[in-house]
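Student:
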Amino acid sequence: MSKSGSKKLIIVESPHKAAVIQKFLGKEFKAMASVGHIRDLPKGGRGKKALGIDIENNFAMKYDIIKGKEKRIEELKSAVAQASDVFLAPDPDREGEAIAWHLSEALGLDSMTAKRITYTAVTKKAVLEAMNHARAINMDLVNAQQARRALDRLVGFSLSPFLWQKVARNLSAGRVQSPAVRIIVERDREIEAFVTQEYWSMKATFFQQEKDVPIIAQLVQYQSKKFGIDHPLGQSEDGVHQIVHSIEGHSGIVERIEKKDSQSKPSAPFTTSTLQQSANIYLRYSATRTMRIAQRLYEGIEIEGSPTGLITYMRTDSVNIDPQAVSEARDFIQGQYGIDYLPEKAPKYNSANKNAQDAHEAIRPTDVTLTPSRIKSYLGNDEFRLYEMIWLRFMQSQMSPARYANTSFKIHVHDAIFEAKGRQLLFDGYLAIAKEKRYDDEALGEGKQPEEELILPDVSVQEHLHMDRVQPQQHFTKPPARFNEASLVKSLEKEGIGRPSTYAPIIQTILERGYVIQKDRSFYATELGVAVSDLLTNNFSNIVDLHFTAAMEEKLDLVEQGEQDWQVLLKEFYFPFITQVESAIKDVEPLKGRSWHGEEVCPNCGENLVVRYSKSGAFLGCHNYPTCKGVLPMPGQQGDAVEDENGVSQEHVECPICQKVMELKKSRFGQYFYACSDYPECKGTVSVDKEGKPIILPRVNKSCDKCGKPMIAKMSRQGMFLACSGYPECQNTMALNKDGTVELAPELKEPVMCEKCGSAMMVKRGPRGWFLACSKYPKCRSAKPMPQEDSGDTQ
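Under the UniProt record's numbering, the first residue of the sequence shown carries the number 1, and numbering increases by one thereafter.
#1: Counting beta carbon pairs with one atom in the segment 107-123 and one in the segment 312-325, are three or more of them shorter than 8 Å?
#2: Hey, how far is the Cα of Asp557 from the Cα of Gly593?
#3: Could you please give the first and the last residue of the uninterrupted beta strand (DSSP E) stretch that includes Ala527?
#4: Sort Ser614, Leu609, Thr627 by Cα distance to Gly621 and report the nearest one.
#5: Can you list, in chain order, the residues of its chain with a C-beta nearer than 6 Å to that of Asn280? Leave out the 5 residues immediately preceding and following it.
#6: Looking at the secondary structure, which residues open and close the beta strand (DSSP E) in which Gly422 lies?
#7: With Gln277 as the anchor, note down where its beta strand (DSSP E) starts and where it stops.
#8: Tell me whether the segment 391-402 and the segment 365-382 touch, counting them as touching only if at least three CB pairs, one residue from each stretch, are closer than 8 Å.
#9: When you compare each of Asn701, Val240, Cys658, Ile339 to Pro680 by their alpha carbons, which one comes out closest?
#10: Do Ala420 and Ala204 have their CB atoms nearer than 7 Å?
#11: If you reduce the DSSP assignment to three classes, tell me which class Met202 lands in.
#12: Below 8 Å, can you find three or more Cβ-Cβ pairs linking the segment 224-238 to the segment 565-580?
#13: Expressed to the nearest angstrom, what Euclidean distance is found between the alpha-carbon atoms of Leu426 and Pro269?
#14: Hey, Ala531 and Val167 are a contact pair by Cβ (cut 8 Å); roughly how many whole angstroms apart?
#15: Mind checking Asp64: buried by the 16 CB within 10 Å criterion, or exposed?
#16: Going by C-alpha distance, which of Arg148, Glu607, Thr113 is nearest Ala98?
#17: What number of angstroms, rounded off, separates the C-alpha of Asp520 from the C-alpha of Val489?
#18: I need the DSSP call for Pro365, collapsed to helix, strand or coil.
#19: With DSSP run on the structure shown, which of helix, strand or coil describes Thr477?
#20: Taking its Cβ as the centre, do 16 or more other Cβ atoms sit within 10 Å of Asp91, making it buried, or is it exposed?
#21: Short of 6 Å in beta carbon distance, which residues of its chain neighbour Ala294, apart from the five on each side in sequence? Order them along the chain.
#22: Pull up the distance between the alpha-carbon of residue 800 and that of Asn604, whole angstroms please.
#23: Taking Pro457 as the reference, give the member of Phe409, Glu105, Gly498, Glu495 with the closest Cα.
#24: What first and last residue would you give for the beta strand (DSSP E) that runs through Glu132?
#25: Any contact between the segment 393-403 and the segment 324-335? By contact I mean 3 or more CB pairs, one from each, below 8 Å.
#26: List in chain order: all unbroken beta strand (DSSP E) runs of 3+ residues lying wholly within the segment 521-609.
#27: Taking the straight line between their C-alpha atoms, what separation do you get for Cys754 and Ala675?
#28: Between Gly52 and the rest of its own chain, which residues show a CB-CB distance below 6 Å, the 5 nearest in sequence each way excluded?
#29: Could you check whether Ala33 and Ile10 sit closer than 7 Å to each other, using their CB atoms as the reference points?
#30: Nearest to Gln276 by CA position, among Asp689, Ser491, Cys757, Ile21, is which residue?
#31: On a CA-only basis, which of Met395, Gly684, Gly380, Tyr378 is nearest Gln336? Give me that one, please.
#32: Could you tell me the boundaries of the beta strand (DSSP E) in which Val254 lies?
#33: With a CB to CB cut of under 8 Å and the five nearest residues on each side skipped, what residues in its chain are close to Gln242?
#34: Which ranges would you report for the beta strand (DSSP E) in the segment 382-413 if only whole runs of at least 3 residues count?
#35: Please state the DSSP three-state secondary structure of Arg72.
#36: In this structure, does DSSP put Met112 in helix, strand or coil?
Here it is as C-alpha cells:
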C-alpha cells in the first residue's frame, strides 16, 4: 500500500481529536475522523430483516452503513487510496476495536494486516509510540463487542413486543437497563416497608478540678450492657430519664486511658465509576455530564499554544498507573513538598472490581506539571473543576498517608460508662496538597468517616471529674437512602451490571423511558417502571436477575480473552430465551385494559374505566376508547405517574372550553402544557408555569362578537386577554383585566381613515394601552394613538 510522497493516514472517531493529532504530528500525517460508528445493525422496522441477526446462519450479523455516513466513508476511501500508511486509531476498548474493524471492512482494508494502534493519552509522544507498536485488529475484542451488541438486540427485539402487548406501546426492555430499574424498584419497596424505631443517645460534659476545658463524652454502657438502639432504656424518653436520674449528683472517675497513632491513606486514582461518583457528590454533575467533560479533556485542549490531551482515557475500571507517570509524580511531589511527603515505595492499589481490566490505566493527568492553577485560564469552568479533581486525586494517591494521634478514655459514673475521644493531626501527608478540597472516598460510604480535630486535655487514671450536665438526644432510625447517581453507579459496578462505558447510558435510558424519575437528585421508580419491572421479574426472572447479568458480563470477558466462542454463547442464550418469550406472550395476562374497581367513572360519559399505561405512567381511561377519550389520573399516583427530573407532575385540570379533564403533555421543544383529553375535537390548552403548575386563568362567560363561539382567557407577555375558541378560523381577541373582567375597547365617535392607504383604522390594544391600527395589517402597518376626547372647554 505504501506510496512514495504520500502522507500517513490516522483515522480516529472524533473530529476534535483528529484536529489535535493533526496539529502536533504535522504535515507528514493526515488525521481524519469517522465521527463515531459507521456501521450498525438495521435501525427501524420489524421482522427478521430488521433484527439484523441471521439466527439460522449461526447468528451472522448483517450491518448497514449508518444513515448520513455515506459521504464520510467515500472521503475516507479517497484518503486511504492516497495514503502511504493507514493507522486505525479509535479508543482503546472493545467498542473502539469494533469501530476499527468496521472501518477496515467498509474501507476495503485487510483486517489481518490493517495497522491498529491504541494509546491512553492524546499526546504526541503517546501517539508516535503507538505507531511504533502497531498491531493487527484483535478479533477477540471485536467479537466480544459483537456478542454484546447481539445480546442487547436479541433481548430488546424479543421483550419489547411483549411489553407492547401487555403494558403499552413504545416501551422497551434491555439486558442491563431492566436490572437497573429493578434495583431502584426494590429500594423503593424497602423504604416503603421500613418501620421507624425510636432510640436515644446521651452525652455528658465533664470538667477537671479548677479547669474550664470541657470534656464531651458519649454514653457507651449502662448497667454492664452496651448502650444503643438495643438497650431497653435507650428506646424511650422515660428510659433515658431513668438513666439521667440515676447518675445525677455523681462524679466521674477516669479509667482505661488509650493512646495510639493511626493513618489515613489516600484513595486510589479514579476509575470511570469512582470519577462519576465523586463528580456527582462533590461537583453535582450527572454521569452523562461528567463523561462529556472528561471526553473533552481526553481529546485535547490548546494549552500555551500547543494542543494536548489533559487526561488519560476515561473509560476504565483499572487503578494501575504507568511507571513513567508514577516517576514523574514522585519527582513533582518531592520538589514541591519535600521528601517527607513521598512514600519510600510508590503505593500500589487494587481494584474493588474483580473483573477490572488490569491492562488498562486509571484516569490521571497526562502531565503532572500542568497544575490546575497553571491551565485554569485555558479551561471552561466545568472543564477546570473536573480536571482539578482528577489532578488532585492522582497526586494525592502518590503521597504519604496523613498521621493522627488518637486518645480515648472511659469515665465511670455510677452505673454508666462514658467515652471521650480525641484526634490530633501529627502529619498532614497527602492532605497538604489540598486541605480544602479532598476528593477522596470519604463521602462515598466506603468505611472512612472524616473527623474534626479534637484535642483532649491530659487526665490521669482514677482522676475525679465534675459532671456538669447530661444531654439526652432523641433519634429515629432511617430507611435505606434512595439511590442517587453516585450510589446507583456504585451499585451497578458492585453487581456487575454493565461496564465503565455503559453506566451513564444506562441511567440516561431508564430516565428517558419514563421508568424512573429524578427528584432532588434521588431516583424514584414511576408507576410505569414498577409495572414493567414486576412483569419482567415475574416472567423473566433469569434475564433481570442481577447474578445472571453479572455472569453474562463475565462470559463476554471470556470472549474478549479468546476463551469463549461468541456465537456459541449466543446460541446457548437465545433458544431457551425465545421459547420463554413465546410462552409469556401466549399465557401472561395483560396489565393494560384491566378493569378499574374504584369509585371513579369516565368524566366524559360516565362509563367504567380501565387501567392504561403510557410513557408518562399509569392512568385511567374510558373503556369505550377510542369512541370516548375520557381519562383520569391514577388515584394515589397523580404526582409520581408523570413526574420527571424537572419535578413536573399531572394535576386535575379542567378544559377552559369544554370542562373535560385535561392531560399533561410535553411539546417537541421540551415545554409542558395541558391539552384537552377530547383533542382533536376540542383544542383547549392550559399553560404551565416555571414550577410546573398549571396557570389557571379566570373563566369568562362571553361569546365571540364575530362568530358566537365561547371566548377563553389566554396569557401573553403583555398579560391576559380573551381569544375566540374558534381560532385559527376566527382570530377575534379582547382585552382582559387582572380581576377577570372584560376591558371593552373604547368606541370611536366617527370613523378614522388610514393616512397611508385610505383604509379604515381599527381599535387595538398593545402593551401601552389602546391604539389605532390599519385594518389592512400586515400589508399596511400604519398606526397612531387614540384620538383625545374633546373636554368641551373653551378658551
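In this text, a Cβ means the ideal position worked out from N, Cα and C, and glycines have one as well.
Tutor: Let me spell this out:
#1: yes
#2: 43 Å
#3: Here residue 527 turns out to be Glu, not Ala, going by the sequence shown. Careful: Glu527 lies outside any beta strand (DSSP E), inside the alpha helix (DSSP H) at 527-539.
#4: Leu609
#5: Around Asn280: Glu485, Ala486.
#6: First-last of the beta strand (DSSP E) with Gly422: 416-427.
#7: Counted as a single uninterrupted DSSP element, the stretch harbouring Gln277 is not any beta strand (DSSP E) but the alpha helix (DSSP H) occupying residues 272-278.
#8: yes
#9: Cys658
#10: no
#11: Reduced to three states, the DSSP call for Met202 is strand.
#12: no
#13: 25 Å
#14: Right, their Cβ atoms sit about 6 Å apart.
#15: exposed
#16: Arg148
#17: 17 Å
#18: strand
#19: coil
#20: Asp91 should be labelled buried.
#21: Answer for Ala294: Met314, listed in chain order.
#22: Outside the shown range of the chain (1 to 795) lies residue 800, about which nothing can therefore be said.
#23: Phe409
#24: The displayed chain sequence assigns Asn, not Glu, to residue 132. No beta strand (DSSP E) contains Asn132, which DSSP labels as neither H nor E.
#25: Contact holds: three or more Cβ-Cβ distances are below 8 Å.
#26: 522-525
#27: 41 Å
#28: Leu41, Pro42, Lys62
#29: Against a cut-off of 7 Å, the Cβ pair of Ala33 and Ile10 comes out as no contact.
#30: Ser491
#31: Met395
#32: 252-264
#33: Leu233
#34: Counting whole runs of 3 or more residues, the segment 382-413 contains the beta strand (DSSP E) stretches 402-413.
#35: helix
#36: Three-state result, Met112: coil.
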